[in-house]
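J.: Have a look at this one before I ask anything.
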Amino acid sequence: MGLSPKGVRLLLEGGRALGLDLEAHLSAFSRLYDLLMEANLRTNLTALRTEEEVVVKHFLDSLTLLTLPLFQGAWRVLDLGTGAGFPGLPLKIVRPELEVTLLDATKKKVAFVAHAVEALGLKGAYPLWGRAEELAHLPEHREAYHRVVARAVAPLCVLVELGLPFVALGGYMVAQKGPRVAEEVAPLPRALALLGGGLVTVHSLVLPVAQEERNLVVVPKEASTPARYPRRPGVPEKNPLC
Ligand code: SAH
Numbered sequence: 295m296g297l298s299p300k301g302v303r304l305l306l307e308g309g310r311a312l313g314l315d316l317e318a319h320l321s322a323f324s325r326l327y328d329l330l331m332e333a334n335l336r337t338n339l340t341a342l343r344t345e346e347e348v349v350v351k352h353f354l355d356s357l358t359l360l361t362l363p364l365f366q367g368a369w370r371v372l373d374l375g376t377g378a379g380f381p382g383l384p385l386k387i388v389r390p391e392l393e394v395t396l397l398d399a400t401k402k403k404v405a406f407v408a409h410a411v412e413a414l415g416l417k418g419a420y421p422l423w424g425r426a427e428e429l430a431h432l433p434e435h436r437e438a439y440h441r442v443v444a445r446a447v448a449p450l451c452v453l454v455e456l457g458l459p460f461v462a463l464g465g466y467m468v469a470q471k472g473p474r475v476a477e478e479v480a481p482l483p484r485a486l487a488l489l490g491g492g493l494v495t496v497h498s499l500v501l502p503v504a505q506e507e508r509n510l511v512v513v514p515k516e517a518s519t520p521a522r523y524p525r526r527p528g529v530p531e532k533n534p535l536c
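In the working numbering, the protein residues as written are 295 to 536.
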């Protein structure tokens, strides 16, 4: 089936508004759309159902990250709490030179992501099942990623404890947030002082087509994260560092 002519138009026009030429990637996004729709018939994989919602709120919203220069390069990227593969899969489709690990705690979601990686023939995309609180303590994952991205996973004070331990020195964590991010950003320095994070910058943009505000919260990793972080599963959420 694939994307309709209207879906294709939204994707191309939205991409252009983000400074991206998505022409060469239409068949991959079309296939990913079909895979999501097929999976949604069987399980409640994603809440977004209409074609326009999937194109705008999954595909284009994921790609807003590429407006940041810090995604130019052959970086190792971790998508923390990827769900059905967002933002990680669109990033990997449009920037194949990125090596993308797609982490989620829900087995069903990781199974879908693995299926999509296979069906799309993506090389250098690694589905990973587990909790950030546990995986971040393993040597192969700790401070092992140049970029950690996360969308709709947790409040920032929780997210930085889950994400910064994965970021290599000199790397960045980027959280995708909606409007009204100021209250969430204000208390962050307290947590970042404990975790090795530096000065936060916020990049505001408008999501094409939907015309909604989005904020990309960028946290540089400036010092090594002490071994006690992240704390046990569930603790960061129950007792946030800020
Ligand atoms: N990023 C996706 C999914 C958001 S839903 C999107 O924007 O569409 C949040 C996801 O984060 C869920 O799939 C949940 O399983 C995962 N998650 C939440 N806390 C986690 C943790 N501590 N470790 C790993 N995954 C986590």
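Virtual Cβ for every residue (Gly too), placed ideally from N, Cα, C. As the structure is a prediction and not an experimental result, all values here were calculated from the model.
For the alpha helix (DSSP H) that contains G292, what are its first and last residues?
T.: Because the chain in this structure spans residues 295 to 536, residue 292 falls outside the shown range and cannot be described.
J.: Mind the definition here: the region 451-466 touches the region 379-393 only if three or more C-beta pairs lie below 8 Å; say whether that holds.
T.: No, the region 451-466 does not touch the region 379-393.
J.: Tell me the rounded alpha-carbon separation between G424 and L486.
T.: Their backbone Cα atoms lie some 24 Å apart in a straight line.
J.: Report buried or exposed for P363, applying the criterion of at least 16 other Cβ atoms within 10 angstroms of its Cβ.
T.: With fewer than 16 Cβ atoms within 10 Å of its Cβ, P363 is classed as exposed.
J.: Evaluate the contact criterion for the region 439-456 versus the region 355-374: three or more CB pairs, one atom per stretch, below 8 Å.
T.: Because the criterion of three Cβ pairs below 8 Å is met, the region 439-456 and the region 355-374 touch.
J.: Give me the Cα-Cα distance between A333 and F406, rounded to the nearest whole angstrom.
T.: The alpha-carbon atoms of A333 and F406 are separated by roughly 8 Å.
J.: Which residue marks the beginning of the beta strand (DSSP E) containing H431, and which one marks its end?
T.: No beta strand (DSSP E) holds H431; DSSP gives it neither H nor E.
J.: With a threshold of 16 other CB atoms inside 10 Å of the CB of K401, please say whether the residue is buried or exposed.
T.: The residue is exposed, with fewer than 16 neighbouring Cβ atoms inside 10 Å.
J.: With a 10 Å radius around its C-beta and 16 neighbouring C-beta atoms as the bar for buried, classify E539 as buried or exposed.
T.: This structure does not reach residue 539, given that the chain is present from 295 up to 536, and the question cannot be answered.
J.: Measuring CA to CA, which of A469, R325 and R303 is closest to G415?
T.: Checking every option, the nearest Cα to that of G415 belongs to R325.
J.: May I ask whether a heavy atom of the ligand SAH can be found less than 6 Å away from the beta carbon of A311?
T.: No, the ligand SAH has no heavy atom inside 6 Å of this Cβ.
J.: Residues in the same chain with beta-carbon distance under 8 Å from R484, minus the five sequence neighbours each way, listed in chain order, please.
T.: These residues qualify, in order along the chain: L535 and C536.
J.: Within 7 Å (strictly less), CB to CB, does Q366 reach chain C?
T.: Any reference to chain C falls outside this structure, which holds one protein chain only.
J.: Among L357, A504 and L450, which residue has its Cα nearest to the Cα of V496?
T.: It is L450 whose Cα lies nearest to the Cα of V496.
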